[in-house]
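> The structure is given below, and queries will be raised subsequently.
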Amino acid sequence: MDAEEFRRFGHEVIDWIADYLANVRDYRILPKIAPGDLVKKLPASGPEQGEPMEAILRDFRGLILPASTHWNHPRFCGYFSITGSAEGVLAEALAAALNMNGMLWQSSPAGTELEQVTLDWLRQWLGLKPGWFGLILDTASVGALHAMAAAREAADPGARAGQTPLPLTVYASEQAHSSIEKAAVTAGIAQTHVRKIPVDAEFQMIPEELERVIERDAAEGLRPFFVAATAGTTSVASIDPIGPIGEIAARYGLWLHVDAAYGGSAAVAEEFRFVLDGVETAHSLVVSPQKWLFTPMDCSVFYTRRREVLRRAFTLAPEYLRTDEDSRAVNFMDYCLPLGRRFRALKLWFLMRRLGREGVAELIRNHVSWAKWLARQMKEDGRFEIVAPVRLSLVCFRYRGSDEQNRRLFKAVNDSGDVFLSHNVLNGRFVIRCAIGNAKTTKEDVETTWRRIREAAESLPARG
Ligand SMILES: Cc1ncc(COP(=O)(O)O)c(C=O)c1O
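Residue 298 in the working numbering sits at position 289 of the sequence shown, with consecutive numbering throughout.
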């Protein structure tokens, strides 16, 4: 593609994106399609000859778009809602144009140094003390795997030298994200050595239970080595008591990883700093700007206070990757599994500069206050119950009726196409989740969501 052609299609694409982001409310959130529908519409083999851009863009609009779920819709309230901010989209285009691979300082000085600077800004915004070393990974799940690998390096260095691995055991609450267990299995820890610690009535890990299980395991000759605390669990956004868990971790020599993938961003607003209370006792921490810091996928920040351990776990550089700057520069490949690294810091930097800390804090404050407003409406209505405290921007609720009625209500809301909620099963009961977290969401969107929920409740057949 020559420059003129690029300019022409570039303008067309940017115009399309501008309209899309401005009018995303007009799209159905969930496409009306069935599995396999898109595959059937696409050729079984790639083209022998190149095709014109017009045809490719036509198919993007005619085939790809109708098969897309619109996460950018301000009433996408499922899972944790996210934001493909315009600033982030532009930064992604620039990063793609530079196409730098940030494996080494030399291979991407700008990428390497901007990552260090933005992550130090973010550290300050989160109220973390100096001493945390950060890097950007694609997801929180991969962050958990890095925490696990570093923790194993610290606890069982002999395994790498060929000694019989220690019988390592992992601890996380019943409400922890499945990525902790997945990380353990991927790291070669026996799945039967992953302990799910009970939670209290507010879905927070019970430290006394953690200690009891650690002691039992240690008495049986196992080697407790890793505990994950969650600040903002996926199901209900509960916040584990990090400080007390950290004290136990210190007493028994465990690595404490804090999964604050969603909840961590709230600490940008001073009044929500409590989400990370006790984090100074942790060895690693994940906060994902792709979740609640308005940065497009993918961008998950992994911080550790044990930089040298992480480096020991991941340094394995062949000669052809050695450079003259190695003693003076950070080479991110030495701290993570991937060698090739995208220039993800650029979009975070754009976002942080455009919104400023106050701008981010304001959005977060609004989201939390609207979630609390929605919970209040539900309580006052009387037909709904709030099943977990609303500390952040997630409301977990049930219609006061059978599971079947809740499933019907949930389906009716999502079938409307202009609100999307997700679900879970808690204490054996079907629960509906409404997560507020998109930068474009307004109070009116939350009111519309509440109206849709009430309409769905009214359309339910009588109980029986
Ligand atoms: C608390 C928490 N941790 C980890 C994850 C996994 O995130 P990722 O998709 O970035 O791997 C999620 C996903 O929603 C989450 O809610």
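Positions of the beta carbon are idealized from the N, C-alpha and C atoms, including for glycine. All values reported here derive from a predicted model rather than from experimental measurement.
1. For Asp424, name the three-state secondary structure that DSSP assigns.
2. Determine, using beta carbons only, whether Leu360 and Glu96 come nearer to each other than 8 Å.
3. Between which two residues does the alpha helix (DSSP H) containing Asp165 stretch?
4. Let me check one thing: in DSSP terms, what residues is Pro233 bridge-paired to?
5. What is the rounded straight-line gap between the Cα of Ser94 and the Cα of Glu467?
6. Should Asp249 be listed as close to ligand 1, given that the test is whether its C-beta is under 7 Å from any heavy atom?
7. Quick one: what does DSSP say Asn489 is sitting in, helix, strand or coil?
8. Any chance the segment 351-370 sits against the segment 319-335, with 3 or more Cβ pairs inside 8 Å?
9. Are Ile254 and Leu219 closer than 8 Å when you measure CB to CB?
10. Find out if the Cβ-Cβ distance for the pair Arg374, Ala278 is shorter than 8 Å.
11. Going by Cα to Cα distance, which pick from Thr239, Asp165, Val98, Arg409 is closest to Lys388?
12. Distance check for Gly87 and His432, CA to CA, integer angstroms please.
13. Check whether the Cβ atoms of Leu263 and Pro176 lie closer than 8 Å to each other.
14. How many Å lie between Ser116 and Phe341 at the Cα?
15. Could you check where the beta strand (DSSP E) with His376 kicks off and where it finishes?
16. What are the boundary residues of the alpha helix (DSSP H) that Thr458 is part of?
17. Rounded to the nearest angstrom, how far is the Cβ of Gly273 from that of Ala237, given a contact under 8 Å?
18. In the DSSP assignment, find the beta strand (DSSP E) that holds Asn433 and state where it starts and stops.
19. Look up Val222 in the DSSP assignment and say whether it is helix, strand or coil.
20. Any idea what DSSP makes of Asp24, helix, strand or coil?
21. Answer yes or no: do Asn319 and Ala149 have a C-beta to C-beta separation smaller than 8 Å?
22. Can you find a heavy atom of ligand 3 that lies under 7 Å from the Cβ of Asp286?
23. Does at least one heavy atom of ligand 1 sit under 7 Å from the Cβ of His292?
24. Where does Gly241 fall in DSSP's three states?
25. Give me, in chain order, the residues of the same chain whose beta-carbon lies closer than 7 Å to that of Arg282; leave out the 5 immediate sequence neighbours on both sides.
26. Looking at ligand 1, does it come within less than 7 Å of Ser150, judged from the CB to the closest heavy atom?
27. At which residues does the alpha helix (DSSP H) containing Phe323 begin and terminate?
28. Is the closest heavy atom of ligand 1 to the C-beta of Gly241 under 7 Å?
29. For Ala27, count the other beta carbons within 10 Å of its own beta carbon; 16 or more makes it buried, fewer makes it exposed. Which is it?
30. Could you tell me which of Ala196, Ile38, Leu146 sits nearest to Pro174, measuring between CA atoms?
31. Could you check if Ser297 belongs to the surroundings of ligand 1, using beta carbon to heavy atom distance under 7 Å?
32. In or out: Gly391 buried (at least 16 other Cβ within 10 Å) or exposed?
33. Closest to Pro233 by CA distance: which of Pro327, Val404, Arg161, Leu39 is it?
34. Using 8 Å as the threshold, is the segment 436-451 in touch with the segment 309-318, meaning 3 or more CB pairs across them?
35. Would you report the Cα separation of Val151 and Pro470, rounded to the nearest angstrom?
36. Per DSSP, which residues does Cys405 bridge with? Please list them.
The structure says:
1. Asp424: helix per DSSP, three-state reduction.
2. In this structure, Leu360 sits near Glu96, with a CB-CB distance shorter than 8 Å.
3. Counting along the chain, Asp165 falls outside any alpha helix (DSSP H), and DSSP gives it neither H nor E.
4. Answer is Thr178.
5. Approximately 36 Å, taken between the alpha carbons.
6. Checking every heavy atom of ligand 1 against the Cβ of Asp249, none is found closer than 7 Å.
7. Outside the modelled stretch of the chain, which goes from 10 to 473, sits residue 489, for which no answer is possible.
8. The answer is no - the segment 319-335 does not touch the segment 351-370, with fewer than three Cβ pairs under 8 Å.
9. In this structure, Leu219 lies closer than 8 Å to Ile254 by Cβ.
10. For Arg374 and Ala278, yes; Cβs fall inside 8 Å.
11. For Lys388, the closest of Thr239, Asp165, Val98, Arg409 by C-alpha to C-alpha distance is Arg409.
12. Roughly 8 Å between the two C-alpha positions.
13. No. Outside cutoff.
14. Our two residues, Ser116 and Phe341, have alpha carbons roughly 11 Å apart in a direct line.
15. Run containing His376: none in the beta strand (DSSP E); it sits in the alpha helix (DSSP H), 354-390.
16. Thr458: member of the alpha helix (DSSP H) spanning 452-467, first to last residue.
17. Wrong, their Cβ atoms sit about 14 Å apart, outside the cutoff.
18. Where Asn433 is concerned, the enclosing beta strand (DSSP E) stretches over 431-435.
19. In the displayed model, Val222 falls within a helix according to three-state DSSP.
20. Note: Asp24 maps to helix in three-state DSSP.
21. Here the sequence assigns Leu to residue 319, which means Asn is not the residue at that position. No, the Cβ-Cβ distance between Leu319 and Ala149 is not below 8 Å.
22. As far as ligands go, the structure on display features ligand 1 and does not contain ligand 3.
23. The answer is no for His292.
24. Three-state DSSP puts Gly241 in coil, outside helix and strand.
25. Excluding its 5 nearest sequence neighbours in each direction, Arg282 has C-beta neighbours in its own chain below 7 Å: Gly136, Ala276, listed in chain order.
26. Checking every heavy atom of ligand 1 against the Cβ of Ser150, one is found closer than 7 Å.
27. 316-323 is the extent of the alpha helix (DSSP H) around Phe323.
28. At least one heavy atom of ligand 1 is nearer than 7 Å to the Cβ of Gly241, so yes.
29. Counting the other CB atoms within 10 Å of its CB gives Ala27 a total below 16, which places it among the exposed residues.
30. With distances taken between CA atoms, Pro174 lies nearest to Ala196 out of Ala196, Ile38, Leu146.
31. Yes, since a heavy atom of ligand 1 falls inside the 7 Å radius drawn around the Cβ of Ser297.
32. Flag for Gly391 reads exposed.
33. Answer by Cα proximity: Arg161.
34. Contact fails: fewer than three Cβ-Cβ distances are below 8 Å.
35. Taking the straight line joining both Cα atoms gives about 45 Å.
36. Under the DSSP definition of a beta bridge, Cys405 partners with Arg442.
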